[in-house]
Amino acid sequence: MRSRRRSSASRRASDERGGATVCLLAIGLVFVLVGLFGAGLGAARCARHQARVAADFGALAGAVRVLDGVDAACARAAALVSANGGRLAGCRVDGLDLVVTAQVRVAPLPGLARVATATSRAGPVQADGG
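Numbering (the working numbering), first residue to last: 7 to 136.
Below is the structure:
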C-alpha cells in the first residue's frame, strides 16, 4: 500500500511542476508592458515640453523682428524653432505680437508616431491705462 500512496503523491507533484514558472513569466510580462507604457508616456511628455520650448523661443526671437514685417519675423521664428528640434506649423502677427505654433514629432513606441504641438505668443508689454 505504501507504494501506491507514494506513486499517487509523486504523480500529483509532477503534475504541478512548471506552474510557478508560468506564473513568474506572466508577472514578468506585466512588468514589461507597464514599463513600455511608462516609457511611452515619458517620451510624449518630453516631446510636449520640447514643442513648448521651441514655440516660446521662436515667438521671442520673431517678436524682435515684427516691425520688419511678417516674413522677417516668421523666418527668424522658424530658425529658432528648427534649432530647438521642432517644425514651424504656424506663424502670424497679431498687432505687435507674434503667435508661433511649433510641432515636434515623437515615436513613444515602435510603429506609433505622434506629433506634439504648442503655441506661444510674444510681444511688447502692454501697460494698463488705469
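For each residue, glycine too, the CB sits at the ideal point set by N, CA and C.
Go through its chain and collect everything with a Cβ distance to P114's Cβ below 6 Å, but skip five positions before and after it. G46, A49, A50
So what's G68 in DSSP terms, helix, strand or just coil? helix
From A95 to Q132, what distance separates their C-alpha atoms? 26 Å
My output table needs one value for V131: the three-state DSSP class, helix, strand or coil. coil
So, are the CB atoms of S126 and D74 less than 9 Å apart? no
So what does DSSP say about L47, is it helix, strand or coil? helix
On the CB-based measure, 16 or more other CB atoms within 10 Å of its CB, does G34 come out buried or exposed? exposed
According to DSSP, what are the bridge partners of D109? Strictly speaking, residue 109 in this sequence is Gln, with Asp absent from that position. Answer by DSSP bridge pairing, in chain order: R93, T123.
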